[in-house]
Amino acid sequence: MIDSHAHLDDRQYDQDREATIARAFASGVEKIINIGADLAGSIASVELAIQYDNVFATVGLHPNVFDEFDESQVQELCNEIRNLASNEKVVAIGEIGLDYYSHDENSITPEQKENQKKSFVAQIEIAREFNLPVVIHCRDAYEDVYEIIEKYPEVSFVFHCYGGGLEFTQKLLSMNNVWFSFTGNITYAKSDLEVFGVVKEIPLERIMLETDCPYLTPVPHRGKRNEPAYVTYVQGKIAEIKQISANKVDEVTTRTAKKFLSLA
Ligand SMILES: [Zn+2]
Ligand SMILES: [Zn+2]
374 MIDSHAHLDD RQYDQDREAT IARAFASGVE KIINIGADLA GSIASVELAI QYDNVFATVG
434 LHPNVFDEFD ESQVQELCNE IRNLASNEKV VAIGEIGLDY YSHDENSITP EQKENQKKSF
494 VAQIEIAREF NLPVVIHCRD AYEDVYEIIE KYPEVSFVFH CYGGGLEFTQ KLLSMNNVWF
554 SFTGNITYAK SDLEVFGVVK EIPLERIMLE TDCPYLTPVP HRGKRNEPAY VTYVQGKIAE
614 IKQISANKVD EVTTRTAKKF LSLA
């Protein structure tokens, strides 16, 4: 099994990072992809990957990073990401994308949206330059993300923590360079929710597993800190929804993640 999206550089692991990684490998996780979400996180991600053979890194700037920077600062940040991208343990650019969900009562401004779009495009260009796939973070911005990635048929994309609707999913399925990954939040859903239909609709060969730890802890550990070992609950839920064996989910999603990330 591969946890294709973890944030083990998070300070919540400062006391027991090594033990957390050991627990993951002991419970059947073969590789962990640690995701960069800002510059410091991307640097930490590369450092962690250098430290552990079976931990790999992505580097990138999450859309919310750009809310507070002007154009020249964004350019500078992207240059830093380009420098990191050449490290041999870097397997993708991400998480990058668009996030229009607002954490306060002020909704996102048109300027902020433009800034996010420009920065997303600039980082896709880095992925193209280094021939790396892209990990997309998308919240409340599916159509705008689609409009951008449509222009890059030669780049491979995965929508992490996928939450798109059925109709949008079908649109993405018609592109042959798009994959989907699911987190523990699918264990929260009641069986009548749309996400079940979406999981059923997506061929297993286009699905990857992730925890997004320390966030989105799956049931039965919901409410506690998440960790890569819990990716088995996501595996189990997908097996249940698709009515196939958990082994099959492991086998196929592991193969897909290795191919997507060019891992041996
Ligand atoms: Zn994300
Ligand atoms: Zn994440």
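Residue 637 is where the sequence shown ends in this note's numbering, and the numbering goes up by one at each step.
By construction, the Cβ of each residue, glycine as well, lies at the ideal position given by its N, Cα and C atoms.
| Item | Value |
| --- | --- |
| Given 8 Å, three or more beta-carbon pairs between the stretch 430-439 and the stretch 409-420 | yes |
| Sequence-distant residues of its chain with Cβ nearer than 7 Å to Val518 (five each side left out) | Gly470, Leu471, Ile509 and Cys511 |
| Identity of the residue in Asn549, Gln388 and Phe439 nearest Tyr525 by Cα | Asn549 |
| Contact under 8 Å by Cβ, Arg501 with Val528 | yes |
| Inter-residue Cα distance where the pair is Val607 and Thr560 | 7 Å |
| Closest by C-alpha distance to Ser445, when choosing among Ser492, Arg390, Arg455 and Glu516 | Ser492 |
| Closest Cα partner of Ser415 within the set Asn456, Tyr386, Arg390 and Ile611 | Asn456 |
| Closer than 7 Å: Glu639 CB and nearest ligand 1 heavy atom | Outside the shown range of the chain, which is 374 to 637, sits residue 639, and nothing can be said about it. |
| Whole beta strand (DSSP E) elements within the stretch 564-603, 3-residue minimum | 580-582 |
| Identified DSSP bridge partners for Ile375 | Lys404 |
| Buried versus exposed, by CB contacts within 10 Å (16 or more), Asp513 | exposed |
| Proximity test, His533 beta-carbon vs ligand 1 heavy atom, cut-off 7 Å | yes |
| Contact under 8 Å by Cβ, Ile521 with Val551 | no |
| Distance between Glu391 and Ile405 (C-alpha atoms, nearest Å) | 13 Å |
| Proximal residues to Asp383 (C-beta, below 7 Å), its chain only, five neighbours per side dropped | Pro587 |
| Cα-Cα separation, Arg579 to Thr629 | 7 Å |
| Check: His380 C-beta below 7 Å from any heavy atom of ligand 1 | no |
| Reduced DSSP category for Ala458 - H, G, I as helix; E, B as strand; rest coil | helix |
| Asp376 vs Val572 beta-carbon contact at 8 Å | no |
| Any non-hydrogen atom of ligand 2 within 7 Å of Ile408 CB | yes |
| For Leu471, the three-state DSSP class (helix, strand or coil) | strand |
| Proximal residues to Glu600 (C-beta, below 6 Å), its chain only, five neighbours per side dropped | Thr393 and Cys586 |
| Proximity test, His594 beta-carbon vs ligand 1 heavy atom, cut-off 7 Å | no |
| Beta-carbon gap between Thr556 and Leu589 smaller than 8 Å | yes |
| Buried versus exposed, by CB contacts within 10 Å (16 or more), Asp623 | buried |
| C-alpha distance - Ile481 paired with Ala399, whole-angstrom precision | 43 Å |
| Exposure label - Leu634; buried when at least 16 CB within 10 Å | buried |
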